[in-house]
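Per the working numbering: the sequence shown = residues 64 to 297. The structure appears right after this line, and notes come after that.
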Amino acid sequence: MNYNWNWGIFFQTSPDGVHTYLETLLLGTGWTLATALSAWCLALAMGSLVGVIRTTPHRWLVRLGNAYVELFRNIPLLVQMFLWYFVLPEIVPIQLGDWLKQLPDASFYTAVVALGFYTSARVAEQVRAGILTRTQAYLYVLLPMAYRIILPPLTSEFLNIIKNSAVALTIGLMELTARARAMQEFSFQVFEAFTAATIIYIVINIIVTFGMRYVEQRVAVPGLIGAKPAVATH
64 MNYNWNWGIF FQTSPDGVHT YLETLLLGTG WTLATALSAW CLALAMGSLV GVIRTTPHRW
124 LVRLGNAYVE LFRNIPLLVQ MFLWYFVLPE IVPIQLGDWL KQLPDASFYT AVVALGFYTS
184 ARVAEQVRAG ILTRTQAYLY VLLPMAYRII LPPLTSEFLN IIKNSAVALT IGLMELTARA
244 RAMQEFSFQV FEAFTAATII YIVINIIVTF GMRYVEQRVA VPGLIGAKPA VATH
């Protein structure tokens, strides 16, 4: 393959005239992490609430929780992103719609909401599965225990939300993938741009994986998945 590699492209000025290509990729990384972390907080809060609701003895609450999960789990993320960004401002009252359209960093807030609600449906399923009995001690007993039990799949969901944040480029959020695409479009150094973006994603995933593995070992419940076997004593 006859390709002219140019790793020095990262230190050249990008089309904005202010940053280098490396700096634009780091800016994109910042947006990616900010979007993922914010959406994760929303997903964990909403997923926990809906997961608890679905284990209560009240049928209408269970049906409401089930409807929530089915709605946000079965509509593709890209469709939800477009609905939140393009459709919602048109169906709400005019003043609210105009405010949403003029909101600074609207694509960021839209991405957080779309990713948060989409992932919350999956978290709700896991929280519901992690709650062992129907008692009134959700907050102080069952939820803390459930989080410790389902920490591995929650880690996977967090990694997924980082990966899925790339979909936000379709509504104009200049996160990491969007920055890499812009870099290759202006510089024509496609391999360098996406190699750097891939390395950044891999580094983030490794940090999250090892960090959560450490947390998992620290909070593992003896006798359950992820816990170290007890050492036999004589």
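Note that beta-carbon positions come from the ideal geometry of N, C-alpha and C, so glycine has one too. Here the structure is a predicted model, which is why all the values come from computation and not from measurement.
Whole-angstrom distance between residue 121 and residue 237, CA atom to CA atom: 44 Å
Neighbour-count burial assignment, residue 255, 16 or more Cβ in a 10 Å radius: buried
Span separating the alpha-carbon of residue 221 from that of residue 188: 15 Å
Three-state class that DSSP yields for residue 173 in the structure shown: helix
Close Cβ partners of residue 180 (< 8 Å) along its chain, the five nearest in sequence each way excluded: 105, 106, 109, 135 and 143
Whole-angstrom C-beta distance between residue 234 and residue 148, which should lie under 8 Å: 4 Å
Buried versus exposed, by CB contacts within 10 Å (16 or more), residue 78: exposed
Span of the alpha helix (DSSP H), counted from its first residue to its last, around residue 117: First-last for residue 117: undefined, no H or E at that position.
Cβ of residue 103 within 7 Å of any chain D Cβ: Absent here is chain D; the protein component of the structure consists of one chain.
Same chain, Cβ closer than 7 Å to residue 153, neighbours up to 5 away in sequence not counted: 160
Top-ranked residue by Cα proximity to residue 168, from 212, 267 and 232: 232
Residue 74 to residue 210 span [Cα, whole Å]: 44 Å
Proximal residues to residue 253 (C-beta, below 7 Å), its chain only, five neighbours per side dropped: 247
Residue closest to residue 282, alpha-carbon to alpha-carbon, out of 214, 258, 229 and 81: 214
Residue environment, residue 242, which counts as buried when at least 16 other CB atoms sit within 10 Å: buried
Inter-residue Cα distance where the pair is residue 273 and residue 80: 38 Å
Distance, residue 166 Cα to residue 226 Cα: 25 Å
Residue environment, residue 186, which counts as buried when at least 16 other CB atoms sit within 10 Å: buried
Counted within 10 angstroms of its Cβ, other Cβ atoms place residue 293 as buried (16 or more) or exposed: Residue placement at residue 293 cannot be trusted, given a pLDDT of 45 that sits under 50; the coordinates are not used to answer.
Uninterrupted beta strand (DSSP E) stretches inside the stretch 254-288 (no shorter than 3 residues): none
Residue closest to residue 268, alpha-carbon to alpha-carbon, out of 151, 86, 99 and 76: 99
Beta-carbon proximity check, residue 95 vs residue 228, cutoff 7 Å: yes
Exposed unless 16 or more other CB atoms sit within 10 angstroms - verdict on residue 178: buried
Residue 230 burial status per 10 Å Cβ neighbour count (16 or more: buried): buried
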